[in-house]
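Under our numbering, the letters of the sequence shown match residues 5 to 231, in that order. Built from N, CA and C at the ideal position, the CB exists for glycine as well. For clarity, every value in this text was computed on a predicted model and none was experimentally measured.
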Amino acid sequence: MGIPTDTTEDLKVFISSRDSSCDECKENLGSKAWITLTREKGALCLSCADLDHLLFLPAGDTALTRRARKHSTLSAVVLKFSRARKRYERQGLLVEASALEKAEEECLDDSDVRSRRRERESVRREELDQRYVEQFAKRLRYLFPTAPAGREIEIAQHACLKYSGRVGRSAFAKDLDEEAIRLAVIAHIRHRETNYDEFLANGIERWEARSAVKDAGDVVLAKWAGR
C-alpha cells in the first residue's frame, strides 16, 4: 500500500508495517519502525528527522491531546495503516516533554500528574544505561563547563537511549569521543536555544532550518564551552 503524501499542516510519523531502513543514516529499523517521509531523502528515522526529542501521547484523551498540542512548538501526528479498514488511522501525537507536562497539570489533579510522570520515568530508567549516562554527562560537563546546570544530564539521557539511533549510542560515542558529545550538544542547542523547531513546524526543510539557526547556535556553543 502507498503512504499518503499530502501537504496538510500536520507533520506525520508513520508506524511501518514492513521492514524499513532509514535513507539517511542507512540503519535497518526493522518492522513497526517509526518513520517520516521527505521529498529529498525518502524515509527517515525519527533521529535523522530531528523528531526524536518528542514524547508520544497516545490517542484517547481529547482534552489532554488538544492542550499538549497547543503548548508544543513542534508536534507530529502518528499514523498506522489498518489492514481491516484499508486506511491510515491516528495513533496519537508526538509532543515536546514540557508541553505534555503543562497539559497534564491543566487537565489532571496532582495525584494523576505524579502517577503519569512516575510511569514515564520508570520506562525511561529501564531504557537507559545509567552508568554510561553518568560518564557521558561528566565528560560533557568537562568539555562545556559553562552550560546551564543540569543540561549535561538531560543531554546525556537523550543521547544514550538504547536502540534509538541517536548519536550517543554510536560506537565512537561509547568511548566518549569528543566529537560525538559535541554533536549531541549541538542537537540539544538547536532544539532548546534557537527557533529551529518553529521552522520545522512551519514546514521548512531541515537543511534550510539548520542553516537559519547555525549562527545563533554557534554563539551558544561557544558560550557553553567557555570561549
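Original post:
Do the CB positions of GLU108 and ARG121 come within less than 9 Å of each other?
Top reply: With respect to the 9 Å criterion, GLU108 and ARG121 are classified as neighbours on the basis of their beta carbons.
Subject >> C-beta contact flag for ILE208 and LEU147 at 9 Å >> reply: no
**OP:** Report yes or no: do the stretch 77-89 and the stretch 108-118 share at least 3 C-beta pairs separated by less than 8 Å?
**Re:** no
Subject >> Selection from ARG124, HIS195, GLN139, GLY230 that minimises the alpha carbon distance to SER76 >> reply: Considering only alpha carbons, the answer is HIS195.
**OP:** Taking the CB atoms as reference points, tell me whether LEU41 and LEU50 lie closer together than 9 Å.
**Re:** Cβ atoms of LEU41 and LEU50: not closer than 9 Å.
Subject >> Member of GLU44, VAL17, ALA151 whose CA lies at the smallest distance from the CA of GLU28 >> reply: GLU44
Original post:
Between the C-alpha atoms of ALA163 and GLU183, what's the straight-line distance to the nearest angstrom?
Top reply: 13 Å
Original post:
Where do the ends of the alpha helix (DSSP H) carrying THR66 lie?
Top reply: Going by DSSP, THR66 is part of the alpha helix (DSSP H) stretching over 66-75.
Subject >> For ALA103 and LEU59, the rounded distance between their alpha carbons >> reply: 10 Å
Original post:
What separation, rounded to the nearest whole angstrom, lies between the Cα atoms of TYR167 and LEU144?
Top reply: Because the pLDDT at TYR167 is just 37, under 50, the model does not fix this residue reliably, and the value given afterwards should be weighed accordingly. Their Cα atoms are separated by approximately 21 Å.
Original post:
Should ARG153 go down as buried or exposed, given a rule of 16 or more other Cβ atoms within 10 Å for buried?
Top reply: The sequence as given places Ala at residue 153; Arg does not occur at that position. Exposed, because fewer than 16 other Cβ atoms sit within 10 Å of the Cβ of ALA153.
**OP:** Assuming ALA238 and LEU204 form a contact by the criterion Cβ under 8 Å, report the distance between their Cβ atoms to the nearest whole angstrom.
**Re:** Outside the displayed range of the chain (5 to 231) lies residue 238, so it cannot be described from this structure.
Original post:
Going by the CB atoms, is the gap between THR150 and LYS229 shorter than 9 Å?
Top reply: Reading off the sequence shown, one finds Ala at residue 229, where the question assumed Lys. For ALA229 and THR150, yes; Cβs fall inside 9 Å.
Original post:
Can you find at least 3 beta carbon pairs, one from the stretch 55-72 and one from the stretch 94-103, that sit closer than 8 Å?
Top reply: In the pairwise beta carbon analysis, the stretch 55-72 is classified as touching the stretch 94-103: at least three pairs are separated by under 8 Å.
Original post:
Per DSSP, ASP85 is paired with what?
Top reply: In the sequence as displayed, the identity of residue 85 is Phe instead of Asp. Looking at the DSSP assignment, PHE85 forms a beta bridge with TYR92.
Original post:
Once you ignore the five residues that flank ILE39 on each side, which residues in its own chain have a CB closer than 6 Å to its CB?
Top reply: PHE18, SER20, SER24, ALA47
Subject >> Candidates ARG73, ALA53, ILE193, of which the one nearest ASP222 by Cα >> reply: ILE193
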